[in-house]
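Protein chains in written order, with our numbering: chain A, 1 to 352; chain B, 1 to 352; chain C, 1 to 352; chain D, 1 to 352. Each residue gets a CB set at the ideal place from its N, CA and C atoms; glycine is no exception. Inspection log for the structure reproduced underneath, given as structure tokens.
Number of protein chains: 4
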Amino acid sequence: MSKTMKGFGIIVPNKETGWVNKEIPKVEPFEALLSPVAVCPCTSDVDGARIRGVAAGRILGHEAVGRIEAVGSMVKDFKVGDIVAVPAVTPKWYDIGIQEGLHQHLSRPLGGRFLSSQWDGVFGEYFKVPDVDMNVALLPEGVTLSSGVLVGDMVTTGFHGAELADIKFGDTVVVIGIGPVGLMSVAGAALRGAARIIAVGNRPVTRQLAMEYGATETISYKDGPIYDQVMELTGNRPVDSVIIAGGTTANIAEAYRMTKTAGTIANIAGQDSDFILKASESQSFVTHKTLTGGLCPGGRRRLERLLDLVRYGKLDVDKLISHSFNGFEKIEDAFHLMADNPSDVVKPIVYM
Amino acid sequence: MSKTMKGFGIIVPNKETGWVNKEIPKVEPFEALLSPVAVCPCTSDVDGARIRGVAAGRILGHEAVGRIEAVGSMVKDFKVGDIVAVPAVTPKWYDIGIQEGLHQHLSRPLGGRFLSSQWDGVFGEYFKVPDVDMNVALLPEGVTLSSGVLVGDMVTTGFHGAELADIKFGDTVVVIGIGPVGLMSVAGAALRGAARIIAVGNRPVTRQLAMEYGATETISYKDGPIYDQVMELTGNRPVDSVIIAGGTTANIAEAYRMTKTAGTIANIAGQDSDFILKASESQSFVTHKTLTGGLCPGGRRRLERLLDLVRYGKLDVDKLISHSFNGFEKIEDAFHLMADNPSDVVKPIVYM
Amino acid sequence: MSKTMKGFGIIVPNKETGWVNKEIPKVEPFEALLSPVAVCPCTSDVDGARIRGVAAGRILGHEAVGRIEAVGSMVKDFKVGDIVAVPAVTPKWYDIGIQEGLHQHLSRPLGGRFLSSQWDGVFGEYFKVPDVDMNVALLPEGVTLSSGVLVGDMVTTGFHGAELADIKFGDTVVVIGIGPVGLMSVAGAALRGAARIIAVGNRPVTRQLAMEYGATETISYKDGPIYDQVMELTGNRPVDSVIIAGGTTANIAEAYRMTKTAGTIANIAGQDSDFILKASESQSFVTHKTLTGGLCPGGRRRLERLLDLVRYGKLDVDKLISHSFNGFEKIEDAFHLMADNPSDVVKPIVYM
Amino acid sequence: MSKTMKGFGIIVPNKETGWVNKEIPKVEPFEALLSPVAVCPCTSDVDGARIRGVAAGRILGHEAVGRIEAVGSMVKDFKVGDIVAVPAVTPKWYDIGIQEGLHQHLSRPLGGRFLSSQWDGVFGEYFKVPDVDMNVALLPEGVTLSSGVLVGDMVTTGFHGAELADIKFGDTVVVIGIGPVGLMSVAGAALRGAARIIAVGNRPVTRQLAMEYGATETISYKDGPIYDQVMELTGNRPVDSVIIAGGTTANIAEAYRMTKTAGTIANIAGQDSDFILKASESQSFVTHKTLTGGLCPGGRRRLERLLDLVRYGKLDVDKLISHSFNGFEKIEDAFHLMADNPSDVVKPIVYM
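Pasting the structure below:
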């Protein structure tokens, strides 16, 4: 292969995106070099490019199915030509932080993200993955490329919301924010046994999808305070848990109000505003309401399990794909579609 | 009402069942008297009548929807004429045992069962329920009588297996025994997010239903050792958990073998044989395999939540009903059908 | 007995306390009437009288050992003359809320508190306790009166902080606020296996007691930001959990900063100010830091277990008693001592 | 250094132990070579040599403080000359099994043990440790050599029993078997907040130590069935949990009987006999009694936390040392002392 490659990424931080030229990464012993087979842009790519100051030259993208092009000397389970799903969280597992419990963070917060965070992402002609035996999964027969791309970020993140919400059989759960991640929180809540799932969003396309994924009602924040609408639906009965998959920190405060004593608020969104809980809600802190949240799990076994849900017919994730592109160069169009976010977009995908 | 009633129950313990005459129970302050609207016989009625020595004169039955005919002086939430689902487990809640955690047992093992256990069951013209405000639930609009009967025993028991099995998204779960309870463990496992569910049973009708409830494969214990068949399906990979919903204690030993390190074996069946785990499997005790199990949860809130699963379309439990009868006297036929258990029976129901 | 009694309580809400005359409460079937044998004032009595608007005429006090003077018709386990420990939380247990899990709250937040909250407290010549078989515990032989008074509020509350903090063997835990409740959080953290316990307080007497109860270091908020002092002690390593047993909501924000990824913040204090978490700390919401907290557990079995800790020599709670009074009228002095809170006060007690 | 070393190990499997000559192990990139500074023999060394068929030539020993003599090219945190505690469980962490949860087992049961299991142990002049940055801990200042040796096996194992037993404040716990591991289960149960701890052993020296470590009573299996003795002590009240730290599988059956509904039986002993639970106890399987157990956790962070318990004065583990030897050759005497197990032996140590 040539020594250089191009990729779609940051030209001027928080200002301009475009195509960059980079050296093809050198593969270290536990790593693999992959070429993208299918990729999706993510709202966090957009945020990274517009407000979170990702550095100039960095190639974006962390949702992909890839083809293995080269493997390091210590790689045992994968070989050149393998088609693999790549998750958004691909930790270096030989890290003392793993002994504290959560591989998403390791020795530092969010330390398990590499693609587009600590090194170049999947919107390049090539990209490398650390600890490849521990982080990628063969795409099983019968699982589509799009499912392979979506499980590693949309599904694992949305489902993590349902995991953190500690759902019991028959619970009533509110999901605030029903972009693709929130839709997967709806699906995840249904797959944890929630009975009633109230999805909060505005766009007809996502409200329709929410119903297909297991929501029993949808409401729009444009129709009044979420709290009021939820209480009207439940007859003023607080809900068992709230999953926050979008919006601002104001949603967390609203979630405190609508959650029952000893209920759970699970946050999987990245908010950028001050969080204020009024003294009038301060009883929240002595009534066993629990607030938790965090970055999705990654790694190979997680991915294999989520792929099993698709493979065994328990989850149809492909309904999230609203727009398809063909050709590497179309990454740019797909990114801008995600950035512009017209009302009919859920998730664009680019096939190479 | 007349002072006496008839009911179907025990004539000679472990020998003969038939119709008995009893006084209509007197209603204490926290109790209600109900008449049955729909009832199902249960294999534990059959076992109670045949091998577990239920006493002469006891009326059987603990699965019902009933009509409230009288309420005690302390009852607040229900009134004469209400149509309510009645669960198999109806504890007296004012019991110090509740402070240890599990209302199924209270101050003594299985102490939360009253109907057909500590007093007469639902196969009488009338039956009474203790602590009625805490134990029954209004049948919601749109929920069928049969669903109302089934949630209180088949669903809560089968689902409890899935709860105890500590299922995670994407797990592979084996369900041994797919009578109506086991079928609900299959459904429950699917509703906790299991990907692959291997159901072990023999009869075509239940194997077919298992597939409809979320099983991905079914195997028969008549086709060889369960362990061997499961390992063949998984490529010798131990499974995440096993739910035991029938069979003998030999199934528990087999479950130990097929469960992964740190996996869980959840038992919801009542076995009557010695349990033997061979020394050759003794490593089971140092590899964090966990064996647990127990009687299903009951009570009103549990019932309301399970009814919500039906009401909001997450569970279609009526498929369990294989035979329907009409008329109180037909309880006898339904019981004998359950006892004879021909190959096409899943669950008979009697509507009054 | 005479028909009336006197008690120390509220003359003018948020303004004046003093002696009131009330009718002796009538005992309902599940209740008991007690006379106080020993009582302690609590800071929440002081707050109730000064800022939380407890109503005129209400008798204060919820920490007591009492003598049973009369029992209702349904009481089985206690009789006149029994000397019992009475916890601050004495729920009515026949409540559907119990089926949601936490008896502290039942059908409404904090609904498990009766004494001095929903009816008159223990600073009267008589007081009544609901559901007495479920709520009080015989004072075991060899356990002092003061221990009996302290377990039902100081110990159960402080220890609840340690329970909620999810402490593992060898953890480093910070306890913010070391009044008597915080001191019991220190003791509780030690009894859950924490290795290093950093106690935050100012007064020499409580700092000394903190060390005796298992703290390994104490710091004062007067010596600089708590965060800075903790980080200096740990060499900038975040701590495993923080228990907040006093102070303001600002302490919660500070706790977020010093807690490790996936660590826990457990709040057992009642704050009355807005809680603000700056956007700069917003990563807190995606790093699996968990905030929880709530009112202490009550009830008889809880109390019996905590009394067992004293009885079997695992906890010496009497060291909390800094001042002793003799005679019912001295409740007033003890209350004012607690309210004035001179630097040598930890916990005053009044023996009758 | 010379190319060969001697070590104490297996001459004839299950028959003869003695001194063997081996090549000094070659250090791979993530490994370190250590020389022992202090070591203890373990009953599992004795069992390995006598009944479990450890292979000829294998050097025994897995409890040590060592001096680092050489480090592999990838080692970052340790250097030649460091004095470190070495735990019995030292996994290779770059293993997909870690993603299932328990590092003790990794991809195969007990796979986290290397020393004396998968390669030569610490009774050699040199021994190597895999993944050294992840597995050993600097001996903190002020912590004795003996404490450093004991935390890595006796403490982590005994404490793991207390962890698995799911102890709550004020619980009553039975510990069956009070060799050094069981004594640490006693200490661990006390440090999890158990109130009453009934220790089952026979020898005066260990019964005395049990009391010092927090037992409230000791009983001997020579004085009658353990069940009967425990029930006599508790007034026939079942206990909250049982930790099995020795004996045979018969103890597990006995533990089922004495454990309360929904209680836990935690096994940390390696039994070599069939386990039989009689049908008469079969209710055990429907009363939510939970049986679990497993090999102790290892790794660096675990070790650091346990060392913190010693360092901060929460645990005095040195009381376990009953006999001390000086000089490498004395490993043989120490091993035979452990094997003969006269009544005054708790734990022998050998200082180099």
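Looking only at its chain, what residues have a beta carbon closer than 8 Å to the beta carbon of residue i, apart from the 5 residues adjacent to it on each side?
{"i": "Val80 (chain C)", "result": "Ile68, Glu69, Ala70, Val71"}
{"i": "Ile11 (chain C)", "result": "Thr17, Gly18, Val20, Ala56"}
{"i": "Lys22 (chain A)", "result": "Thr4, Met5, Lys6, Gly7, Gly57, Ile59, Asp120, Gly124"}
{"i": "Ser107 (chain A)", "result": "Asp95, Ile96, Gly97"}
If you draw a straight line from the alpha carbon of residue i to that of residue j, how long is it in whole angstroms?
{"i": "Lys26 (chain B)", "j": "Asp333 (chain C)", "result": "55 Å"}
{"i": "Ser324 (chain C)", "j": "Ile349 (chain C)", "result": "5 Å"}
{"i": "Ser146 (chain D)", "j": "Ala38 (chain D)", "result": "7 Å"}
{"i": "Tyr126 (chain B)", "j": "Arg113 (chain B)", "result": "18 Å"}
{"i": "Gln229 (chain A)", "j": "Thr216 (chain C)", "result": "50 Å"}
{"i": "Gly111 (chain A)", "j": "Phe275 (chain D)", "result": "46 Å"}
{"i": "Leu183 (chain C)", "j": "Ala210 (chain C)", "result": "6 Å"}
{"i": "Asn29 (chain B)", "j": "Asn135 (chain B)", "result": "Inspection of the sequence shows that residue 29 (chain B) is occupied by Pro rather than by Asn. Spanning the two alpha carbons is a distance of roughly 14 Å."}
{"i": "Thr234 (chain A)", "j": "Gly327 (chain B)", "result": "38 Å"}
{"i": "Asn251 (chain C)", "j": "Ile252 (chain A)", "result": "19 Å"}
{"i": "Ile321 (chain A)", "j": "Leu139 (chain B)", "result": "40 Å"}
{"i": "Asp223 (chain A)", "j": "Gly298 (chain D)", "result": "55 Å"}
{"i": "Gln104 (chain B)", "j": "Gln99 (chain C)", "result": "12 Å"}
{"i": "Phe8 (chain A)", "j": "Asn341 (chain A)", "result": "19 Å"}
{"i": "Gly121 (chain C)", "j": "Gly101 (chain A)", "result": "46 Å"}
{"i": "Trp119 (chain C)", "j": "Gly293 (chain C)", "result": "25 Å"}
{"i": "Gly124 (chain D)", "j": "Gly161 (chain D)", "result": "30 Å"}
{"i": "Ile219 (chain A)", "j": "Pro180 (chain A)", "result": "17 Å"}
{"i": "Pro87 (chain A)", "j": "Gly66 (chain A)", "result": "11 Å"}
{"i": "Phe335 (chain A)", "j": "Val310 (chain A)", "result": "26 Å"}
Excluding the 5 residues flanking residue i on each side, which residues of the same chain have their C-beta closer than 7 Å to its C-beta?
{"i": "Thr259 (chain D)", "result": "Pro238, Val239, Ser241, Val242, Ile265, Lys289"}
{"i": "Ala424 (chain A)", "result": "Within the shown structure, residues of chain A are numbered from 1 to 352, placing residue 424 (chain A) beyond reach of any answer."}
For residue i, which residues from the same chain have a beta carbon less than 6 Å from its beta carbon, with the 5 sequence-adjacent residues on both sides left out?
{"i": "Leu291 (chain C)", "result": "Ile265"}
{"i": "Asp77 (chain B)", "result": "Asp133"}
{"i": "Val54 (chain D)", "result": "Ile10, Gly48"}
{"i": "Val205 (chain B)", "result": "Asp344"}
Could you tell me how far apart the beta carbons of residue i and residue j are, in whole angstroms, since I believe they sit closer than 8 Å?
{"i": "Arg196 (chain B)", "j": "Ile167 (chain B)", "result": "Going by Cβ atoms, the distance from Arg196 (chain B) to Ile167 (chain B) rounds to 11 Å, so no, they are not a contact pair."}
{"i": "Ile244 (chain D)", "j": "Ala269 (chain D)", "result": "5 Å"}
{"i": "Val174 (chain D)", "j": "Ser185 (chain D)", "result": "With 8 Å as the limit, Val174 (chain D) and Ser185 (chain D) do not qualify as a contact, their Cβ atoms being about 10 Å apart."}
{"i": "Ser116 (chain A)", "j": "Gly61 (chain A)", "result": "6 Å"}
{"i": "Ala194 (chain B)", "j": "Tyr213 (chain B)", "result": "Actually they do not touch by this definition, with Cβ atoms about 12 Å apart."}
{"i": "Ser44 (chain A)", "j": "Ala279 (chain C)", "result": "17 Å between Cβ atoms; not a contact."}
{"i": "Val89 (chain B)", "j": "Leu295 (chain B)", "result": "7 Å"}
{"i": "Leu164 (chain C)", "j": "Cys40 (chain C)", "result": "That belief does not hold up - the Cβ atoms of Leu164 (chain C) and Cys40 (chain C) are roughly 23 Å apart, past 8 Å."}
Near-chain A residues of the region 262 to 274 of chain B (beta-carbon distance less than 7 Å), N- to C-terminal order: Close to chain A, meaning a Cβ-Cβ distance shorter than 7 Å, is no residue of the region 262 to 274 of chain B at all.
Complete beta strand (DSSP E) runs within the region 79 to 144 of chain B (minimum length 3 residues, chain order): Whole beta strand (DSSP E) segments, 3+ residues: 83 to 86, 127 to 129.
Length at least 3, wholly inside the region 284 to 320 of chain C: the beta strand (DSSP E) runs in chain order: DSSP runs (the beta strand (DSSP E)) wholly in the region 284 to 320 of chain C: 290 to 293.
Proximal residues, the region 293 to 308 of chain D versus chain C, C-beta separation under 7 Å: For the region 293 to 308 of chain D, the residues whose beta carbon sits under 7 Å from a beta carbon of chain C are, in order, Arg305, Leu306, Asp308.
Runs of beta strand (DSSP E) lying entirely within the region 213 to 254 of chain D, each at least 3 residues, in chain order: Along the length of the region 213 to 254 of chain D, whole beta strand (DSSP E) runs at least 3 residues long occupy 217 to 219, 239 to 244, reported in chain order.
Contact list for the region 97 to 108 of chain A against chain C, Cβ threshold 7 Å: Result list: Glu100, Gly101, Leu102, His105.
Residues, ordered as in the chain, of the region 275 to 289 of chain B that lie near chain D by beta-carbon distance below 7 Å: Taking 7 Å as the upper bound on Cβ-Cβ separation, chain D lies near residues Phe275, Ile276, Leu277, Lys278, Ala279, Ser282, Gln283, Phe285, Val286, Thr287, His288 of the region 275 to 289 of chain B.
Interface residues of the region 167 to 193 of chain A facing chain B [CB-CB below 8 Å]: Those residues of the region 167 to 193 of chain A that come within reach of chain B (Cβ to Cβ, closer than 8 Å) are Lys168, Phe169, Gly170, Asp171, Thr172, Gly188, Ala190, Leu191, Arg192, Gly193.
Near-chain D residues of the region 193 to 208 of chain C (beta-carbon distance less than 9 Å), N- to C-terminal order: Cβ contacts with chain D come from Gly193, Ala194, Ala195, Arg196, Ile197.
Residues of the region 120 to 154 of chain B whose Cβ lies closer than 9 Å to any Cβ of chain C, in chain order: Within the region 120 to 154 of chain B, the residues whose Cβ lies closer than 9 Å to some Cβ of chain C are Asp131, Asp133, Met134, listed in chain order.
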